[in-house]
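To start, the structure itself, in structure tokens.
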């Protein structure tokens, strides 16, 4: 076991950040997402439904001796199905000073350790600070992507987040609050662009404040909005409205967390134009008339 004296996670994060500025990690060129790698994998559990866990994630969980998971944000059915043999540790309420030695010591003792995040760990997952702290102590780590809730919400709504002539861009964001200052909240700017589907994470509690600001900024109150509670979970609920009505509907339902907010015309999937993907311009191969065309050119 490594001596914890002087192993401050913040010092490790700062040190690894400085190293990253100076040079790229060689493993970037040696491995791709989905590869079997050495170290502790940071696995995305997906949005909720165990069937939306990736094959790579499933294999790693089935081999794990220790799974440190994101508490109630990970469906207990997934833990029961794939992690019943492993030691389970709920990370909720534990800080880095506790989590890093826990994972490090288990790994150094020869255990297969998995850090299980909800959704995809690259989206509001605070994974990199844990990985940097572990790397600083000589424990290799790597990402295993997961299905983020915005994609589960899109599937539930039976629409695309991007649609030709409706939405050319997707923004993953969160509203102002303890973490984000008003100056860092760009939701109104995204909506103003018109062809952006705005997906708001960690903002269920702030739906009314967010919609009020959009109305104050002059946005069309009939702009479609959907709130998908527990996307892909058994108790999933979908609330559809617009900027002017959605806050009342969410408050009536009583949701304050665990929902994704989607703003934009892609919510309904209406008004899009046929794409060019299957048009004549996409046909790069020889056509039935190519020989006749060549002959006529001679």
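Residue numbers (full-length UniProt numbering): 1 to 298. The beta carbon of each residue, even a glycine, is placed where N, CA and C say it ideally should be. As the structure is a computational prediction, the values presented were derived from the model and not from experiment.
Coil, strand or helix - residue i by DSSP
i           : result
residue 18  : helix
residue 261 : strand
residue 151 : helix
residue 190 : helix
residue 278 : coil
residue 136 : helix
residue 121 : coil
residue 41  : strand
residue 24  : coil
Inter-residue Cα distance where the pair is residue i and residue j
i           : j           : result
residue 2   : residue 220 : Any reading at residue 2 is ruled out, since the residue's pLDDT is 44, under 50, leaving its predicted position unreliable.
residue 191 : residue 127 : 29 Å
residue 21  : residue 10  : 17 Å
residue 277 : residue 168 : 14 Å
residue 5   : residue 110 : Confidence at residue 5 is low in this model, with a pLDDT of 46, below 50, so its placement is unreliable and no value can be given for it.
residue 209 : residue 250 : 12 Å
residue 30  : residue 132 : 19 Å
residue 245 : residue 164 : 27 Å
residue 138 : residue 25  : 14 Å
residue 123 : residue 179 : 15 Å
residue 166 : residue 196 : 8 Å
Assumed close pair residue i, residue j - CB separation to whole angstroms, cut-off 8 Å
i           : j           : result
residue 243 : residue 211 : 5 Å
residue 204 : residue 255 : 5 Å
residue 144 : residue 46  : Between residue 46 and residue 144 the Cβ distance is about 11 Å, and since that is not below 8 Å, they are no contact.
residue 112 : residue 33  : No, residue 112 and residue 33 are not in contact; Cβ-Cβ is about 19 Å, not under 8 Å.
residue 200 : residue 260 : 7 Å
Distance CB(residue i)-CB(residue j) smaller than 7 Å
i           : j           : result
residue 78  : residue 50  : yes
residue 98  : residue 13  : no
residue 231 : residue 152 : yes
residue 88  : residue 67  : yes
residue 136 : residue 125 : no
residue 44  : residue 95  : no
residue 70  : residue 91  : yes
residue 202 : residue 174 : yes
residue 266 : residue 161 : yes
Residue i CB to nearest heavy atom of the ligand GDP below 6 Å
i           : result
residue 123 : The ligand GDP is not part of the structure shown, which contains no ligands of any sort.
Whole beta strand (DSSP E) runs in the stretch 165-237 with 3 or more residues, listed along the chain?
Entirely contained in the stretch 165-237, the beta strand (DSSP E) runs reaching 3 residues are, in chain order, 169-173, 196-200, 224-229.
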